[in-house]
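Residue numbers (the working numbering), protein chains in the order written: chain A, 1 to 330; chain B, 331 to 469.
Reviewing the structure listed below.
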Amino acid sequence: MAIYKRRRYLFMTLDPVHIGTGGYRLGRVDNSIVREPGTRVPKIPGTSLHGAARSYAAQLYGTPEAAGQTHDEIENPDKNPVCYTFGYIKKSNNGQDVKAYSGVVNVFDAHIVLFPVHSLVGPVWVGTVERLREAGFEVSDVPREWAKDKVLLTFERTDPLNLGWLMLNSGGQVTVNAPTNCQIDRWNAIKNKIALVHESIFSHIVNSNLEVRTSVSINPETGAAEDKALFTYEAIPRATFLTAEVVLDDYRAKFEPVPPNKNSLPSNAGWQSPLDVLDAGLRLIEWLGVGGMGTRGFGRIAIVGQPQEEDYGQQANAAQSPCGEGATTP
Amino acid sequence: MTNTTSINLDYLAAKYAQTIIQQTQNKKASDVENTMTKALGVLQEDGVYACFLYLLAREKENGAVVVDEMLNLLSSLPFGWQKPTNNSNEILRFINEQVTKDLERLLLAREVLEQMLIYARYGAKARDKGGSEASGASS
C-alpha cells in the first residue's frame, strides 16, 4: 500500500540565487530568472531543487552515476537508494531492453515568503499574510481590512516606511510566529523586522529589489574588457526566505534502509526512507548551491530548522523535535 | 477625467519604443541600448521619479528623446495626465504631483514604462545588426 507523506521546508538563501530562463524572456537584464507567471514573483523551480538534490545524494552515497540522464552503469538500480528515490532509466542489451521507474518523491517549486528590502530603519523582510500562512506561519492581529498603501509591521512604528523606493504608511502592528521547528537563529534574527503588504504590491517590491549584476568578458592578453561582451543578470538576493513542499509517493514500498557509514555516507546519517535521501541531497545545497554562477559566489541555500511533516489525512506535525537555540512554541 | 474605453498597454509600450528607435536613428545603436539599460535599472531600483531625474541629469540627447516618449506614454494612459512642457522642473513636478500621487496608478505607470524601455532596449539591439550577442558571455 502506498504511503503518502508531505514535508514543508523553509529555506534561506545564503548567496544570490540565479535560476535562469535560458533566454526565453525579454527583460531589463540579458539573463533573467524564472518567475511565477501569475504574479511575476521569482521562484526556484522544483526541477532545479530535484536535480541538485539527486546529484548531491548520488555523490554522498558514492555512486555519482546514479545522477544524470541514464543510469546504465548502476548494476542494480532497485537497490540503489538514489535511483529508487528519484527514479531511473536503465538500458541494456544494446538499448533493446529498457527498464524505467518513476521516482517516489515529488519536489515542488520554492516560493518566496519573506524578501529582504532596504528601508530607512535598515533591512526589513517583506511578505504577505497569505504567503506566510500558506507556509505554516501564524500571523495574528491582522486588521479585517487595510488599505493597499499601508504596511503591517512586527515592530512599533507609526511613521511611513519606505520599502526600497516605495513609501507606504504604517497600518499597525502584527505578530508573526514561525512553525515551532523553524525557530532557530536565522528566524530569530528577522522576526522583529517583518513588513507585510498586499499581494498586489508584493510583486512590485520584490522585482524592484532583486540583485542585478553586470559582468564582462576579460581579454586574457590585454587584461581589458572585451568589446560587446558586457552582460547583465539578476538573482534572488541573499537572506530571502522561501518555502517548498515535497511529497513522498512510495508506490513501490520496497525501499531498503541504508545504515550510517554505508558507502560514503557520513557516520551520523542513515537513510530510513526516500525522504531521508532527498533531505540529505537538499542539505548539501547549503554547501554546493543550486542554479547558475555557482562558482562565482551564487547559489547556496540553507534549510531553516526542520521541515514540517504530515501524513496524508492527518494534521501537520513536526518532523523532528524543535531544534536550535531559542526554540519556542508559538 | 478618466477614459473608460479599453486600452492595449502593450501596443502603447511598443509604439513609443519604436518612436525612440526612429528618433535615435542617427545615434550609435549601442549608445541607445546603453541609455535604455541604465534607465531601466534606475526605474526598477529607484522608481519612476528617479528614472526621469536620471535621464534629465545624466543622459544627453538620447535621454531627452526617451523622456519625451515616456511622457507621451504617460499622457496616453486613461488618467487624464497632461503632458508637461519641455522643461526639467515642469517634468519633475508633473511626475511628483500627478504620477506618484496614487499608488495603483503609479505602479501601473511604472510597469508600462518598464515594458516600453525593454522594447526600446531590444529595438536598439535589433538595429545593431553588426553587433554580436552579449548574453551568454562570461567574465
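We put the beta carbon where it would ideally sit given N, CA and C, even for glycine.
For Ile3/A, the three-state DSSP class (helix, strand or coil): coil
Cβ pair count under 8 Å reaching 3, the region 75 to 85 of chain A against the region 303 to 312 of chain A: Touching, no.
Would Trp187/A pass as an interface residue toward chain B - the criterion being a Cβ-Cβ separation below 9 Å? no
Anticipated Cβ contact below 8 Å, Leu152/A with Ile205/A, distance rounded: Actually they do not touch by this definition, with Cβ atoms about 14 Å apart.
For Lys431/B, which option in Leu284/A, Glu234/A, Gly313/A, Asp149/A has the closest C-alpha, if you only look at C-alpha atoms? Asp149/A
Report the option in Leu282/A, Ala195/A, Leu60/A, Ile218/A whose CA atom is closest to the CA atom of Arg157/A. Ala195/A
What's the gap between the Cα of Leu447/B and the Cα of Arg25/A? 15 Å
Which first and last residues belong to the alpha helix (DSSP H) in which Pro274/A is found? 274 to 283
Using three-state DSSP, classify Gln412/B as helix, strand or coil. Here Gln412/B sits in coil by DSSP.
Give a yes or no on whether the minimum CB-CB distance between Arg440/B and chain A is below 9 Å. yes
Determine, for Arg35/A, whether the minimum Cβ-Cβ distance to residues of chain B falls below 9 Å. no
Is the beta carbon of Ala339/A sitting closer than 9 Å to the one on Lys43/A? Since the displayed chain A opens at 1 and closes at 330, residue 339/A lies outside it and no answer follows.
Do you know how far the Cα of Trp271/A is from the Cα of Ser32/A? 37 Å
Quick test of your reading: Ser405/B and Trp411/B, contact by CB under 8 Å. State the CB separation rounded to the nearest angstrom. That belief holds up - the Cβ atoms of Ser405/B and Trp411/B are roughly 5 Å apart, short of 8 Å.
Three or more beta-carbon pairs under 8 Å between the region 118 to 132 of chain A and the region 162 to 181 of chain A, yes or no? yes
Excluding sequence positions up to five away, which residues of its chain have a Cβ less than 7 Å from the Cβ of Phe231/A? Asp30, Asn31, Ser215
Under 9 Å, do Arg54/A and Gly281/A count as touching if we go by C-beta distance? Cβ atoms of Arg54/A and Gly281/A: closer than 9 Å.
Could you give the DSSP three-state label for Lys228/A: helix, strand or coil? strand
In this structure, how does DSSP classify Pro77/A when only helix, strand and coil are distinguished? Helix, per DSSP.
Hey, Val121/A and Leu168/A: beta-carbon distance below 9 Å or not? no
Ranges of the alpha helix (DSSP H) found wholly within the region 31 to 61 of chain A, counting only runs of at least 4: 46 to 61
State the start and end residues of the unbroken beta strand (DSSP E) segment that holds Met167/A. 166 to 173
Go ahead and pull the three-state DSSP assignment for Ala464/B. For Ala464/B, the pLDDT reaches just 40, beneath the cut-off of 50, and the residue's location in the model is therefore unreliable, although a value from the coordinates is still provided. Here Ala464/B sits in coil by DSSP.
How would you list, in chain order, the residues of chain B whose beta-carbon sits under 9 Å from the beta-carbon of His204/A? Leu437, Arg440, Glu441
Report the rounded CA-to-CA distance for Pro45/A versus Glu375/B, giving the unit in angstroms. 25 Å
Would you grab the beta carbon distance between Ser208/A and Gly164/A for me? Rounded to a whole angstrom, and I think it's under 8 Å. With 8 Å as the limit, Ser208/A and Gly164/A qualify as a contact, their Cβ atoms being about 5 Å apart.
By the 9 Å beta-carbon criterion, what residues does the region 12 to 35 of chain A contribute toward chain B? Gly23, Leu26, Gly27, Arg28, Val29, Asp30, Asn31
Environment of Lys455/B [buried if 16+ CB atoms lie within 10 Å]: So Lys455/B ends up on the buried side.
For the region 82 to 159 of chain A, list the alpha helix (DSSP H) runs that are entirely contained and at least 4 residues long, ordered along the chain. 129 to 134
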